[in-house]
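Right, one structure below, let's go through it.
2 protein chains.
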Amino acid sequence: MSSTPLGTHTVTQIGIIVRNLEETAQAWSRLLGVPIPKIIVTEPVELTHADYQGQPTPALAKLAFFQLGPVTLELIEPIGEPSTCQDQLGSHGQSLYHIAFEVKGMAERLAVLAEHGLPVVQHGDYRGGRYAYLDGQQKYGAIVELLEND
Amino acid sequence: MSSTPLGTHTVTQIGIIVRNLEETAQAWSRLLGVPIPKIIVTEPVELTHADYQGQPTPALAKLAFFQLGPVTLELIEPIGEPSTCQDQLGSHGQSLYHIAFEVKGMAERLAVLAEHGLPVVQHGDYRGGRYAYLDGQQKYGAIVELLEND
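First to last, the protein sequences are chains A and B.
To convert, note that position 69 of the first sequence is 69 in this note's numbering; the numbers rise steadily by one, no gaps.
To convert, note that position 63 of the second sequence is 63 in this note's numbering; the numbers rise steadily by one, no gaps.
Here's what the structure looks like:
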C-alpha cells in the first residue's frame with residue numbers, strides 16, 4: 001500500500017447525478033459525437049451488499065459510461081432511497097457528484113482515509129469489484145469515490 | 001474545427017469551488033502526498049475582460065492546480081461578485097463545479113454549443129488563452145468549461 005493516504009494521484013472517473021438518464025445520455029452522445037452507451041441498472045442489495053450510513057439499502061441506480069479521453073464520465077440516475085446519489089439529487093439537483101480513484105486494499109484504505117476527513121457514507125460491490133463513497137465535501141470540496149477492481 | 005459540437009472527447013480539468021483555498025489546498029496536498037501548489041489570484045477585469053451574463057465583472061478568484069494523473073484538479077475560491085463561481089458557492093456550498101475541455105476556435109465553438117443547450121454564462125482571458133463557462137446543468141448535469149490556449 002502506498003505511503004500516501006490516497007495511494008494514487010490518478011483520477012479515473014467523474015460522476016454526474018441526473019434526473020433522467022436516457023435524456024442526458026442522449027444529450028452527451030450528441031455533444032461528443034459518439035453512440036449512446038449501454039444503460040445498466042445496479043443489481044439488488046442481496047448481490048451488491050449496498051450499505052448506506054451503516055445499514056443495508058434497497059436503493060439502486062441507472063448508469064451510463066462515456067469515455068472522455070483518459071477518464072470515464074459516469075451518468076447516474078438514482079432509483080429509490082436512501083443513497084448518497086439520491087441525497088445529492090435532492091439537495092443540489094442535477095450536478096457533478098464525485099471524482100473517483102482506483103485503489104488496492106479497500107478496507108485498509110478506508111481506515112486511513114477516515115482519519116483524513118473522508119468518512120464512508122455508502123459502499124457496496126459490483127461484478128468484479130467494490131466501491132465506496134467518501135464524504136469529503138467539508139474538507140476537500142467533493143465526494144471522493146474509491147473503486148477496487150479484482 | 002471538428003464536426004462534433006464539442007470538437008473533442010478529452011476532459012483536461014475538473015474544478016472544485018471552495019470557501020478557503022489555503023485550507024483546502026493543504027488538505028489535498030496531504031491526501032495526495034504532494035507539495036501545496038502555488039496559489040494565484042486572477043488578474044483584474046481590465047486585463048481579463050471578465051464578462052458575466054453579458055456585463056464586465058470585477059469578481060476575481062483564487063486558484064490552485066493539482067495534477068491528478070491525466071487531468072488537472074483546479075481549486076477555486078471566488079473573490080467578489082458577480083461570477084458563476086460565486087453563484088455556485090452561494091447555491092451549493094463547497095462542491096464540484098466544472099469539467100473542462102480544451103478547444104480551438106473559441107468563438108465558433110461557442111456559437112455551435114449555444115445551439116446544443118450550452119449557453120455562455122461567463123467568459124474571460126488569462127495569460128496565453130481564454131475560457132468560457134457554459135451552463136449545461138439542465139441538459140448535461142454540469143457546467144462545462146472551454147479552454148483555448150494560444
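Positions of the beta carbon are idealized from the N, C-alpha and C atoms, including for glycine.
Using only the alpha-carbon positions, how far apart do Asp125 of chain B and Asp125 of chain A sit?
Sequence index remark: in the second sequence, residue 125 of chain B carries index 125 (1-based). Sequence index remark: in the first sequence, residue 125 of chain A carries index 125 (1-based). About 45 Å.
Contacts of His49 of chain B in chain A (Cβ-Cβ under 8 Å)
Stepping through the second sequence from its first residue, residue 49 of chain B is reached at position 49. Near His49 of chain B there are no residues of chain A at all, since even the closest Cβ is about 27 Å away, more than 8 Å.
Which bits of chain B does Gly105 of chain A rub up against, with CB to CB less than 9 Å?
Numbered from 1 along the first sequence, position 105 holds the residue referred to as residue 105 of chain A. Near Gly105 of chain A there are no residues of chain B at all, since even the closest Cβ is about 16 Å away, more than 9 Å.
Using a C-beta cutoff of 8 Å, does Gly162 of chain B count as contacting chain A?
This structure does not reach residue 162 of chain B, given that chain B is present from 1 up to 150, and the question cannot be answered.
Please report whether the beta-carbon of Ala142 of chain B lies at a distance below 8 Å from any beta-carbon of chain A.
Translated into the one-based positions of the second sequence, residue 142 of chain B becomes position 142. Ala142 of chain B counts as touching chain A.
Is the stretch 46 to 64 of chain A touching the stretch 75 to 92 of chain A, taking contact as three or more C-beta pairs under 8 Å?
Yes: the two stretches touch, three or more of their Cβ pairs being nearer than 8 Å.
If you pair each beta-carbon of the stretch 2 to 14 of chain B with each one of the stretch 130 to 137 of chain A, do three or more pairs fall below 8 Å?
Not touching, per the Cβ criterion.
Note down the Cα distance separating Met1 of chain A from Gln137 of chain B, rounded to an integer number of angstroms.
Numbered from 1 along the first sequence, position 1 holds the residue referred to as residue 1 of chain A. Numbered from 1 along the second sequence, position 137 holds the residue referred to as residue 137 of chain B. At Met1 of chain A the pLDDT is 45, less than 50, meaning the model places this residue with poor confidence; the figure from the coordinates comes in the next sentence. Distance from the CA atom of Met1 of chain A to the CA atom of Gln137 of chain B, rounded to whole angstroms, is 38 Å.
From Pro37 of chain B to Leu147 of chain B, what does the alpha carbon distance come to, in whole angstroms?
The count along the second sequence starts at 1 and reaches residue 37 of chain B at position 37. The count along the second sequence starts at 1 and reaches residue 147 of chain B at position 147. Straight-line spacing of the CA atoms in Pro37 of chain B and Leu147 of chain B works out to 21 Å.
Counting only the same chain and skipping the five closest in sequence on each side, list residues whose C-beta sits under 6 Å from that of His123 of chain A.
In the first sequence, the residue the question calls residue 123 of chain A occupies position 123. So the qualifying residues of the chain are Asp51 and Ala132.
Residues in the stretch 89 to 100 of chain B having any Cβ partner in chain A nearer than 9 Å:
If the cut-off is 9 Å between Cβ atoms, the stretch 89 to 100 of chain B has Ser91, His92, Gly93, Gln94, Ser95, Leu96, Tyr97, His98 and Ile99 near chain A.
Between the CA atoms of Pro119 of chain B and Gly141 of chain A - distance to the nearest angstrom:
Counted from its first residue, the first sequence places residue 141 of chain A at position 141. Counted from its first residue, the second sequence places residue 119 of chain B at position 119. Going by the C-alpha atoms only, they are around 26 Å apart.
Which runs of the beta strand (DSSP E) fall wholly inside the stretch 11 to 44 of chain B and span at least 3 residues, in chain order?
DSSP assignment within the stretch 11 to 44 of chain B yields the following whole beta strand (DSSP E) runs of 3 residues or more, N-terminal first: 11 to 17.
Proximity of Leu32 of chain B and Thr4 of chain A at Cβ, strictly below 8 Å:
Your numbering for residue 32 of chain B matches position 32 in the second sequence. Your numbering for residue 4 of chain A matches position 4 in the first sequence. Contact annotation: Leu32 of chain B and Thr4 of chain A have beta-carbon atoms nearer than 8 Å.
Cut-off 7 Å between Cβ atoms - residues of its own chain near Glu43 of chain A, not counting five sequence neighbours on either side
Translated into positions along the first sequence, residue 43 of chain A becomes position 43. Same-chain partners within the cutoff: there are none.
Distance CB(Ile40 of chain A)-CB(Glu22 of chain A) smaller than 8 Å
Position 40 of the first sequence holds residue 40 of chain A. Position 22 of the first sequence holds residue 22 of chain A. The Cβ atoms of Ile40 of chain A and Glu22 of chain A do not sit closer than 8 Å to each other.
Quick one: grab the DSSP three-state call for Leu89 of chain B.
Counting from one through the second sequence, the residue named residue 89 of chain B turns up at place 89. Reduced to three states, the DSSP call for Leu89 of chain B is helix.
Measure the CB-CB distance between Val144 of chain A and His98 of chain A and report whether it falls below 8 Å.
Position 144 of the first sequence, counting from 1, holds the residue named residue 144 of chain A. Position 98 of the first sequence, counting from 1, holds the residue named residue 98 of chain A. Yes, these two residues count as a Cβ contact at 8 Å.
Using DSSP with H/G/I as helix, E/B as strand and the rest coil, what is Glu102 of chain A?
Locating residue 102 of chain A in the first sequence gives position 102, where the first residue counts as 1. If DSSP states are grouped into helix, strand and coil, Glu102 of chain A belongs with the strands.
Got a sec, what are the start and stop residues for the beta strand (DSSP E) Glu148 of chain B sits in?
For this step, residue 148 of chain B is matched to residue 148 along the second sequence. Per DSSP, the continuous beta strand (DSSP E) segment holding Glu148 of chain B begins and ends at Ala142 to Asn149.
Please identify the residue among B:Gly117, B:His49, B:Asp87 and B:Asp150 whose C-alpha is closest to the C-alpha of Met106 of chain B.
Working through the second sequence from its first residue, we reach residue 106 of chain B at position 106. Ranking the options by Cα distance to Met106 of chain B, first place goes to B:Asp150.
Chain B residues whose Cβ lies nearer than 7 Å to that of Tyr139 of chain A:
Within the first sequence, residue 139 of chain A is the residue found at index 139, counting from 1. It is worth fixing the name first, because residue 139 of chain A is Lys in this sequence and not Tyr. Under the 7 Å cutoff, chain B gives Ala27.
C-beta neighbour in chain A for Arg30 of chain B, strict 8 Å:
For this step, residue 30 of chain B is matched to residue 30 along the second sequence. Yes, Arg30 of chain B counts as interfacial toward chain A.
Return helix, strand or coil for Ala61 of chain B, following the three-state DSSP convention.
Taking the first residue of the second sequence as 1, we reach residue 61 of chain B at position 61. Ala61 of chain B falls in the strand class under three-state DSSP.
In this structure, how does DSSP classify Gly136 of chain A when only helix, strand and coil are distinguished?
Start at 1 with the first residue of the first sequence, and residue 136 of chain A comes out as number 136. Under the three-state reduction of DSSP, Gly136 of chain A is assigned to strand.
So if DSSP puts Gly124 of chain A in a beta bridge, which residue, or which two residues, is it bridged to?
As a first step, residue 124 of chain A must be located in the first sequence, where it is residue number 124. Per DSSP, A:Tyr131.
Closest to Ile14 of chain A by C-alpha separation, out of A:Lys139, A:Phe101 and A:Val112, would be which residue?
Residue numbering aside, residue 14 of chain A sits at position 14 when the first sequence is read from its first letter. The shortest Cα separation from Ile14 of chain A among A:Lys139, A:Phe101 and A:Val112 belongs to A:Phe101.
Around the C-beta of Ala152 of chain A, are 16 or more other C-beta atoms found within 10 angstroms, so that it is buried, or is it exposed?
For residue 152 of chain A there is no data in the structure shown, the boundaries of chain A being 1 and 150.
According to DSSP, Ser95 of chain B sits in a beta bridge with which residue or residues?
As a first step, residue 95 of chain B is located in the second sequence; it is residue number 95 there, counting from the start. According to DSSP, which records beta bridges pairwise, Ser95 of chain B is partnered with B:Ile17.
Find the residues of chain A that neighbour Ile36 of chain B, judging by a C-beta separation of less than 8 Å, and give them in chain order.
The residue labelled residue 36 of chain B in the question sits at position 36 within the second sequence. Result: empty, since nearest Cβ-Cβ is about 14 Å, beyond 8 Å.
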